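Order-wise, the sequence lines are chains E and B.
Going by the numbering used here, the first sequence opens with residue 1, and the numbers climb by one from there.
Going by the numbering used here, the second sequence opens with residue 115, and the numbers climb by one from there.
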Amino acid sequence: AQSVAQPEDQVNVAEGNPLTVKCTYSVSGNPYLFWYVQYPNRGLQFLLKYITGDNLVKGSYGFEAEFNKSQTSFHLKKPSALVSDSALYFCAVRALYGNNRLAFGKGNQVVVIP
Amino acid sequence: DTEVTQTPKHLVMGMTNKKSLKCEQHMGHRAMYWYKQKAKKPPELMFVYSYEKLSINESVPSRFSPECPNSSLLNLHLHALQPEDSALYLCASSQDSRNQETQYFGPGTRLLVL
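Encoded structure:
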């Protein structure tokens, strides 16, 4: 079965600094990788996904993520964090021949300090 | 447009009540999902409908009863719930249930069981 690890509980970053949220995955076969963001009292909002092709994926709100097959990682990045980026971020994975379930990581709380 | 709508936004119910949660999408998606989410935790899959047929039931107690009246609508009927069922209930939809398809989430219904 597929799984995702988000090793940090909380990421603190100063406004204007680069933001990185880490994600590693475990899956049999080719992975499909997703990042979602959840603002307080809201549903999950899709940011970006990797299916195949270019390892650098660009998404909404200036976010991007790099697929690294050898390190089984899919870290989310933003060059310059905004206070409005403070939210809960989830990495998720499905496998090409998997069980149709989207496996979520535990989530990372991002706090951008003004 | 990637909008999934859910009603009501908030619901308070007693343990003997019967209520329903509603979800709607007009994106032509043929897969729809119910998730349960506790605070600061990842969503947990409850049910998947594919082409209006129930395809996955994650061993959810029978006090939760899903219904898919047509390809745009998904209901979750609630009866005799327990206080531990209090959570955010999220609906999602995707083009179909293939693993590479993005799931788009609604804003959720926050349920409190007294």
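Even glycine gets a Cβ: it sits at the ideal position worked out from N, Cα and C.
For clarity, every value in this text was computed on a predicted model and none was experimentally measured.
If the cut is a Cβ gap below 8 Å, which residues of chain B does residue i touch?
i: Y32/E; result: N213 and Q214
i: N55/E; result: None at all; the shortest Cβ gap to chain B is about 16 Å.
i: N100/E; result: V162, S169, I170, S211 and N213
Give the DSSP-derived three-state secondary structure of residue i in the structure shown.
i: Y165/B; result: coil
i: E15/E; result: coil
i: E198/B; result: helix
i: S28/E; result: coil
i: M173/B; result: The amino acid occupying residue 173/B in the given sequence is Ser; Met does not appear at that position. Three-state result, S173/B: coil.
i: Y97/E; result: coil
i: Y39/E; result: coil
i: S80/E; result: coil
i: S60/E; result: helix
Between the Cα of residue i and those of the options, spot the shortest distance and give me the residue it belongs to.
i: P221/B; options: V126/B, K136/B, M160/B and L195/B; result: K136/B
i: S200/B; options: E117/B, M129/B, T119/B and F161/B; result: M129/B
i: P156/B; options: R94/E, G107/E, Y97/E and N100/E; result: G107/E
i: V118/B; options: R42/E, L82/E and V11/E; result: R42/E
i: S3/E; options: L96/E, C91/E, K77/E and S26/E; result: S26/E
i: G105/E; options: Y97/E, H75/E, L82/E and V112/E; result: H75/E
i: P114/E; options: G16/E, V57/E and S70/E; result: G16/E
Could you tell me if the beta carbon of residue i falls within a distance shorter than 7 Å of some heavy atom in the ligand FMN?
i: R212/B; result: For the ligand FMN, the structure offers nothing, since it holds no ligand at all.
Go through its chain and collect everything with a Cβ distance to residue i's Cβ below 6 Å, but skip five positions before and after it.
i: G115/E; result: Residue numbering for chain E in the displayed model covers 1 to 114; residue 115/E lies beyond these limits and cannot be assessed.
i: S73/E; result: T24
i: Y50/E; result: L33, V57 and F67
Which whole-angstrom value describes the C-beta separation of residue i and residue j, a residue pair presumed to lie in contact below a C-beta threshold of 8 Å?
i: A87/E; j: V37/E; result: 5 Å
i: N126/E; j: L96/E; result: As displayed, chain E neither begins before 1 nor continues past 114, which places residue 126/E out of reach and without an answer.
Here's a check: name, in chain order, each residue in its chain whose Cβ is nearer than 7 Å to the Cβ of residue i, leaving out the five neighbours to either side.
i: S185/B; result: R144 and E166
Please compile the residues from chain E whose C-beta is within a distance smaller than 7 Å of the C-beta of residue i.
i: G220/B; result: G43
i: Q217/B; result: L102
Which bits of chain E does residue i rub up against, with CB to CB less than 9 Å?
i: L135/B; result: Neighbours of L135/B on chain E: none; closest Cβ ~13 Å, over 9 Å.
i: P180/B; result: Near P180/B there are no residues of chain E at all, since even the closest Cβ is about 16 Å away, more than 9 Å.
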